[in-house]
Amino acid sequence: MTTESPAAAAYWERLWADGRRYRQLGDTEIRLLEDHLRPGRARPALDLGCGDGALARHLEQLGYRTTGIDCSPSAVALAAADQDSGPGHGPVWRCMDITTDDLNALPDRAYAVITSRLVYRWIDDKAAFLDRARRLLAPGGLFWVVTEISGRRADTDPLQHLGITPAEAEILTAGWSVVHTADLDVLRCYALRP
1 MTTESPAAAA
11 YWERLWADGR
21 RYRQLGDTEI
31 RLLEDHLRPG
41 RARPALDLGC
51 GDGALARHLE
61 QLGYRTTGID
71 CSPSAVALAA
81 ADQDSGPGHG
91 PVWRCMDITT
101 DDLNALPDRA
111 YAVITSRLVY
121 RWIDDKAAFL
131 DRARRLLAPG
141 GLFWVVTEIS
151 GRRADTDPLQ
161 HLGITPAEAE
171 ILTAGWSVVH
181 TADLDVLRCY
191 ALRP
């Protein structure tokens, strides 16, 4: 099962290393997430494709014991460099590819919260990615996915191709006992529970 190739990891590394930054985590998106979270209480959380680490740090502030992973060493280095409290305080950062690396390398076997912000659209084998996330999610846990939806940008927008299709949205929501969505401009937030 290969859902991301070494070429894909190299692609993201090149962008992060060249200083590319992505949509910042905003107050509305944070409130939408917090509407679905249970108290942190030092329970484990996992941020897939953590990028600069903003979401992982926010989960940590809410009381979760958070691990942020990304396939780009430069993204992980950026997230770690922005650590407020120094080593031992704040999220744990790992350079790994959720689609291909050994899940046993993660510090916990199950996570109360797994987040995937602006990642799902880029995954080649979405069903396999979702299976891996489900295996890591604790019973009753929350899988939070934020992704762009197709058709939300003007036809003339050069980024119009970035959204997921209705078929890809169906793959994302199939097999969960609870599915809540909230729209946020071109993005849709999914709160999924087993």
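Residue numbering for the sequence shown is 1 to 194, as defined by the UniProt record's numbering. Backbone N, C-alpha and C define an ideal beta-carbon position, used for all residues, glycine too. Quick caveat: nothing in here was measured; it's all calculated off a predicted structure.
For the beta strand (DSSP E) containing residue 195, list its first residue and its last residue. Past the boundaries of the shown model lies residue 195; the chain is included only from 1 to 194, so the question cannot be answered.
What is the residue span of the alpha helix (DSSP H) that Asp27 lies within? 27-34
Does the region 114-125 come within contact of the region 87-96, defined as at least 3 CB pairs closer than 8 Å? no
Identify every residue that forms a DSSP beta bridge with Asp183. Arg188
DSSP three-state assignment for Arg114, whether helix, strand or coil: One point to set straight first is that residue 114 is Ile, not Arg, in the sequence displayed. Ile114 falls in the strand class under three-state DSSP.
Cβ-Cβ distance between Arg152 and Val186 below 7 Å: yes
Residue closest to Glu60, alpha-carbon to alpha-carbon, out of Asp70, Ala45, Pro73: Ala45
Which word fits Thr2, buried or exposed, when buried means at least 16 other C-beta atoms lie within 10 angstroms of its C-beta? Any reading at Thr2 must be qualified, since the residue scores a pLDDT of 35, below 50, and its modelled position is unreliable; no value is offered.
Output the boundary residues of the alpha helix (DSSP H) element that contains Pro44. Where Pro44 is concerned, there is no enclosing alpha helix (DSSP H), although the beta strand (DSSP E) it sits in stretches over 44-48.
What's the C-alpha gap between Ser150 and Pro139? 31 Å
Going by DSSP in three states, Trp16 sits in which element: helix, strand or coil? helix
Simplified DSSP assignment, three categories, for Val119: coil
CA nearest to the CA of Arg41, picked from Tyr111, Trp12, Ala191: Tyr111
May I have the straight-line CA-CA distance separating Lys126 from Pro194, to the nearest angstrom? 17 Å
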